[in-house]
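Asks: Before I ask anything, let me first share the structure, which is written out below as structure tokens.
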Amino acid sequence: AQSVAQPEDQVNVAEGNPLTVKCTYSVSGNPYLFWYVQYPNRGLQFLLKYITGDNLVKGSYGFEAEFNKSQTSFHLKKPSALVSDSALYFCAVRDLANQAGTALIFGKGTTLSVSS
Amino acid sequence: ETGVTQSPTHLIKTRGQQVTLRCSSQSGHNTVSWYQQALGQGPQFIFQYYREEENGRGNFPPRFSGLQFPNYSSELNVNALELDDSALYLCASSLEAAPGYEQYFGPGTRLTVT
Numbered sequence: 002a003q004s005v006a007q008p009e010d011q012v013n014v015a016e017g018n019p020l021t022v023k024c025t026y027s028v029s030g031n032p033y034l035f036w037y038v039q040y041p042n043r044g045l046q047f048l049l050k051y052i053t054g055d056n057l058v059k060g061s062y063g064f065e066a067e068f069n070k071s072q073t074s075f076h077l078k079k080p081s082a083l084v085s086d087s088a089l090y091f092c093a094v095r096d097l098a099n100q101a102g103t104a105l106i107f108g109k110g111t112t113l114s115v116s117s
Numbered sequence: 135e136t137g138v139t140q141s142p143t144h145l146i147k148t149r150g151q152q153v154t155l156r157c158s159s160q161s162g163h164n165t166v167s168w169y170q171q172a173l174g175q176g177p178q179f180i181f182q183y184y185r186e187e188e189n190g191r192g193n194f195p196p197r198f199s200g201l202q203f204p205n206y207s208s209e210l211n212v213n214a215l216e217l218d219d220s221a222l223y224l225c226a227s228s229l230e231a232a233p234g235y236e237q238y239f240g241p242g243t244r245l246t247v248t
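Right under this line is the structure:
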């Protein structure tokens, strides 16, 4: 079965420090991978995606993610965290078993808390 | 450019009742997907509508149904509400139905079933 795992419920970092939010996936085929962020009382906002090509993907707000096929991982990173980055982060993979092209399987989410 | 909007914001229904949630897609987007997000969980895919047709469904029973209109707006209907249907319902639109297009989400409708 296809799945996405976010092993950490919460990540705490100090402002200015680098941050990493982890994601691993399991799919039977080439993965389409996404990161979304959710702020309180708001919908999800798209950050970045990996479809093919360069393993390092750059996205919105200074975030980037590295696709690692051998480790089946797609970790989200940022060189210098901001307090305003504090939010709930979701990793998602396209559901290859669903005919709908937009069907995504989401992880449970990781709460990022950046302290000043 | 207008983003994805959803109505109502909050809704309280009684078990057994029926509910209709509405979504207006982002300008230029022809594909709408609906997701259910239970408390503390990631969103779960319900179904996708492309050019007024359902063309993919997640693991949800038939009492979850939808519509898409010629202007690409959409409705989610849930019949015979159960307590477990209490969740945040998210609508997302994308430029096309093909894989790889990013989805733009609305703020959601919070449904409480008592």
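So the protein lines, in turn, are chains A and B.
All residue numbers in the first sequence are consecutive under our numbering, ending with 117.
All residue numbers in the second sequence are consecutive under our numbering, ending with 248.
Using N, Cα and C, we set each Cβ at its ideal position, and we do this for glycine too.
List the residues that DSSP assigns as beta-bridge partners of residue 170 of chain B.
Replies: B:178, B:223
Asks: Could you please give me the residues that DSSP links to residue 269 of chain B through a beta bridge?
Replies: Outside the shown range of chain B, which is 135 to 248, sits residue 269 of chain B, and nothing can be said about it.
Asks: Under 8 angstroms Cβ to Cβ from residue 12 of chain A, same chain only, skipping five residues before and after it: list those, please.
Replies: 20, 21, 22, 111, 112, 113, 114
Asks: Are residue 165 of chain B and residue 207 of chain B closer than 8 angstroms when you measure CB to CB?
Replies: no
Asks: Hey, is residue 96 of chain A's beta-carbon within less than 8 angstroms of any beta-carbon in chain B?
Replies: Closer than 8 angstroms: yes.
Asks: If contact is defined by three or more beta carbon pairs under 8 angstroms, each pair taking one atom from either stretch, is the stretch 221-239 of chain B in contact with the stretch 147-162 of chain B?
Replies: yes
Asks: I need the straight-line Cα distance from residue 187 of chain B to residue 163 of chain B, nearest angstrom please.
Replies: Answer to the nearest angstrom: the Cα atoms are 15 angstroms apart.
Asks: Pull up the distance between the alpha-carbon of residue 184 of chain B and that of residue 73 of chain A, whole angstroms please.
Replies: Note on geometry: alpha-carbon atoms of residue 184 of chain B and residue 73 of chain A lie some 31 angstroms from one another.
Asks: How close, in whole Å, do the beta carbons of residue 106 of chain A and residue 4 of chain A come, if the pair is a contact with beta carbons under 8 angstroms?
Replies: 7 angstroms
Asks: With a cut-off of 8 angstroms, does the C-beta of residue 224 of chain B fall near any C-beta of chain A?
Replies: Yes, residue 224 of chain B counts as interfacial toward chain A.
Asks: Taking just the CA atoms, how far does residue 45 of chain A sit from residue 116 of chain A?
Replies: 22 angstroms
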